[in-house]
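Residue numbers (UniProt numbering): 1 to 853.
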């Protein structure tokens with residue numbers, strides 16, 4: 001078995017990451033030592049590994065600052081249309097290595113640290129993940145920021161600087177336990193606070209209608225303090241900005257309501273305001289209608305729109321002193337993309353600004369709002385769609401509720417004119433849902449208030465047109481688009497899998513890092529013995545490296561010669577981790593029944609977090625750990641099968657496990673996964689996919705050839721037909737002996753002898769209440785898994801399919817996705833043109849400093 005390269009051997013290779021320059025290494029060492037001394041106030045005698053990480057981070061950040069300032073100057077001078085990406089989640093992960101990759105200084109930093117006697121990988125491990133997202137939606141936003149900067153778009157990401165991100169997951173006695181993610185405890189070297197741009201956000205109060213228009217009065221004030229993080233493009237000198245808002249109480253917060261004796265309590269109550277940015281809600285694909293969550297959604301929208309209007313007014317317009325007062329050009333200079341419905345209040349808030357503050361006529365304001373805003377839908381699951389109670393909106397945002405009512409009145413008048421007397425259609429299309437608790441349907445608000453609505457994979461976009469938004473599609477078909485998701489090849493290939501990037505670059509050159517379409521050229525090498533050997537060698541090295549990491553962290557030896565069969569994503573019934581469990585138990589039963597039969601060895605790993613209040617998801621984790629305890633300690637099974645739960649799955653763990661994977665599990669019920677992006681990461685990194693025809697799997701099968709994936713299970717029409725006739729779990733239980741054995745084992749406590757009833761809820765759900773039809777796809781899944789096992793025992797044929805998959809992943813770059821958004825929604829043209837390189841001294845000296853009046 002080949003050994004992985006040592007760090008020194010890697011350094012000697014001329015790789016896609018570039019050749020080390022002696023001058024740059026010397027400068028980096030000087031900068032590192034300067035920051036250790038002046039920024040951290042340490043010397044090498046007392047410095048910790050964390051100090052070294054911070055010194056390196058600041059040294060790398062120095063390379064960003066000039067480019068960052070120059071980029072903003074460039075936008076001011078050129079006055080391009082600006083793109084504002086509004087998202088309640090940005091799942092950024094770590095920043096150091098990504099910054100080094102995009103600036104092209106990774107090898108120089110590696111060499112500089114080596115010469116200083118430090119291990120750069122050890123320093124990178126110190127950095128906390130910025131876990132300001134739950135999963136796919138937040139990670140997509142992070143990939144999009146990378147692509148927008150790489151494509152030279154004047155783009156800004158706007159969100160919340162949560163003090164506590166997605167919880168850290170610990171497994172205790174097989175159960176998930178949540179720990180607070182205090183990611184800012186040691187400080188964040190990548191952000192810059194901008195207190196000079198602090199903005200007021202209002203809540204509560206009441207509305208007064210005067211001769212001059214509506215006034216929102218007697219409100220409670222919270223301040224939004226911006227923190228800016230640089231977002232570098234790939235080797236193009238562009239550094240865009242992600243601006244995250246932090247909530248601060250004003251100095252007089254609550255003081256006027258207390259007498260002197262309650263001063264202490266009044267100061268302590270400042271926390272009530274500052275709680276708004278305290279913690280990320282840890283729900284994925286589930287709506288929780290809490291007041292604090294609504295406060296968060298309005299907080300990011302109110303602060304961001306003030307910032308957008310300020311920047312629009314202040315942009316260069318003839319001279320540095322001019323201020324735009326004519327809003328007619330607003331949609332020509334501003335594009336607002338709503339990442340799901342979470343920032344949907346941007347629509348009534350922008351109307352409030354235009355009508356109440358800028359005194360526009362309603363129709364003029366509405367036209368501007370619609371031409372500015374666009375909406376991305378991320379799910380068709382009914383429990384995930386946001387529907388805010390009227391009473392809560394009335395209390396918290398009374399003026400916005402009035403505006404929503406007015407929008408709805410005018411919208412329904414149009415529907416009534418188009419379909420006279422069709423009251424059922426009016427009910428279906430209303431922004432206000434009257435049944436039960438009166439609520440606002442935020443998806444309907446987004447559709448009515450936007451000029452473009454898109455799904456995130458072709459099958460998903462077709463489903464929303466045919467089902468949940470059908471009425472809207474029939475009226476305005478031109479509004480509906482598809483933008484299939486993508487991933488950034490910088491983080492998800494160059495950063496996490498440099499060995500594979502080098503092997504690809506040797507065949508087709510290194511331009512594929514910014515134009516993933518060039519990967520198509522690899523198809524010409526699909527039968528090339530040298531490439532087959534090189535790709536298999538890189539995969540084996542990645543597996544050995546991951547096995548070493550896992551043993552160091554968890555003390556358990558993994559077999560790197562086994563097939564690494566991975567399912568990592570949020571734990572959710574629709575993602576069907578349970579189907580994977582049933583397969584593992586079936587394999588276990590087969591090995592026990594016929595121990596002499598040869599089986600392709602497998603290490604099955606499932607990782608992901610369960611929302612803290614999601615009982616069934618937590619039970620699924622408990623089942624995985626219980627089955628693993630039995631399988632992993634059975635001497636008759638040995639190395640042939642291992643079942644592992646990957647604790648605390650996050651971006652930085654994904655960067656380790658995805659390059660090491662052989663098989664990617666994408667097994668959701670057809671019609672439930674909007675797109676998926678983990679599927680694309682596995683494909684690009686040389687894993688084969690076992691999956692249903694759901695989400696982006698459909699397009700992956702098209703691109704790579706369906707024969708190069710393991711497709712199984714019902715298609716969307718099959719699921720729809722079964723919904724009409726009814727799904728009968730008992731039928732499959734009676735028909736399939738292996739399935740019956742597994743369910744009987746769960747019922748009898750085989751995997752939980754001390755608590756025989758432990759998994760009764762899971763069995764009851766599977767037998768009587770399974771919305772996602774696990775049993776219906778069991779037989780097809782087992783057949784597909786048998787094909788996987790057979791092919792894995794023919795390494796050459798397996799690797800040929802891997803090459804077709806890597807070549808087929810060309811489409812799934814977020815650069816392609818963002819280019820489509822830019823041209824077809826935002827009306828801007830992407831460019832690879834480099835911004836002129838900054839000259840820090842000139843930039844500081846060029847503009848004479850004027851005293852501010």
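Glycine is no exception: its CB is placed at the ideal position from the N, C-alpha and C atoms.
Note that the structure is predicted; figures quoted are calculated from it, not measured.
Residue environment for residue 38: exposed (fewer than 16 other C-beta atoms within 10 angstroms of its C-beta).
The way I'd put it, the stretch 227 to 247 does touch the stretch 151 to 169; three or more beta-carbon pairs between them come closer than 8 Å. Three or more pairs of CB atoms, one per stretch, sit closer than 8 Å, so the stretch 479 to 497 contacts the stretch 808 to 820.
If you look at residue 210, you'll find it in the beta strand (DSSP E) that goes 206 to 210. Per DSSP, residue 90 is one residue of the beta strand (DSSP E) stretching across 90 to 93.
Within the stretch 128 to 191, the runs of alpha helix (DSSP H) at least 4 residues long that lie entirely inside it are, in chain order, 136 to 150. With the rule of 3 Cβ pairs closer than 8 Å, the stretch 126 to 133 does not count as touching the stretch 203 to 215. Residue 339 and residue 794 have their alpha carbons spaced roughly 44 Å apart. Per DSSP, the continuous beta strand (DSSP E) segment holding residue 228 begins and ends at 220 to 232. The three-state reading of DSSP puts residue 641 in strand, counting E and B together.
Counted as a single uninterrupted DSSP element, the stretch harbouring residue 480 is not any alpha helix (DSSP H) but the beta strand (DSSP E) occupying residues 480 to 482. Within the stretch 289 to 334, the complete alpha helix (DSSP H) runs of at least 4 residues fall at 291 to 314, 330 to 333. In terms of Cα proximity to residue 625, the closest of 115, 172, 473 is 172.
Along the stretch 389 to 448, the beta strand (DSSP E) occurs as fully enclosed runs of 3 or more residues at 439 to 441, listed in sequence order.
Taking all protein chains shown into account, residue 100 has 16 or more neighbouring C-beta atoms within 10 Å of its C-beta and is therefore buried. Residue 332 is classed as exposed because its beta carbon has fewer than 16 other beta carbons within 10 Å across all chains shown. Rounded to whole angstroms, the gap between the alpha carbons of residue 505 and residue 512 is 8 Å. Rounded to whole angstroms, the gap between the alpha carbons of residue 431 and residue 141 is 27 Å.
Below 8 Å, enough C-beta pairs join the stretch 657 to 667 and the stretch 557 to 569 to call them touching: three or more. Using a Cβ distance threshold of 7 Å, residue 375 and residue 461 do not count as a contacting pair.
Selection 693, 726, 415, 732 evaluated against residue 715 yields 693 as nearest (Cα-Cα). In the three-state reduction of the DSSP assignment, residue 659 falls in the helix class.
Fewer than three pairs of CB atoms, one per stretch, sit closer than 8 Å, so the stretch 84 to 102 makes no contact with the stretch 322 to 329. A buried status is given to residue 348, since no fewer than 16 other beta-carbon atoms sit within 10 Å of its beta-carbon.
Shown here, residue 629 sits in a helix according to DSSP, grouped into three states.
The criterion of a C-beta distance shorter than 7 Å is satisfied by residue 225 and residue 248. For residue 471, the enclosing alpha helix (DSSP H) begins and ends at 470 to 475. DSSP places residue 246 in the uninterrupted beta strand (DSSP E) bounded by 239 to 248.
For residue 109, the enclosing alpha helix (DSSP H) has its first and last residue at 106 to 115. Shown here for residue 311: same chain residues with a beta carbon closer than 8 Å to its own, the five before and five after excluded, namely 82 in chain order.
Here residue 598 is actually not in contact with residue 782; their C-beta atoms are around 18 Å apart, not less than 8 Å.
Contact between residue 653 and residue 620 is absent: CB atoms are separated by about 19 Å, not below the 8 Å threshold. With 16 or more other CB atoms across the displayed protein chains lying within 10 angstroms of its CB, residue 296 is buried. In this structure, residue 54 lies near residue 189, with their beta-carbon atoms less than 7 Å apart.
Between residue 191 and residue 227, the gap from beta carbon to beta carbon is short of 7 Å. Exclusion of the five residues before and after residue 230 leaves 64, 68, 239 as the residues of its chain whose Cβ lies within less than 6 Å of its Cβ.
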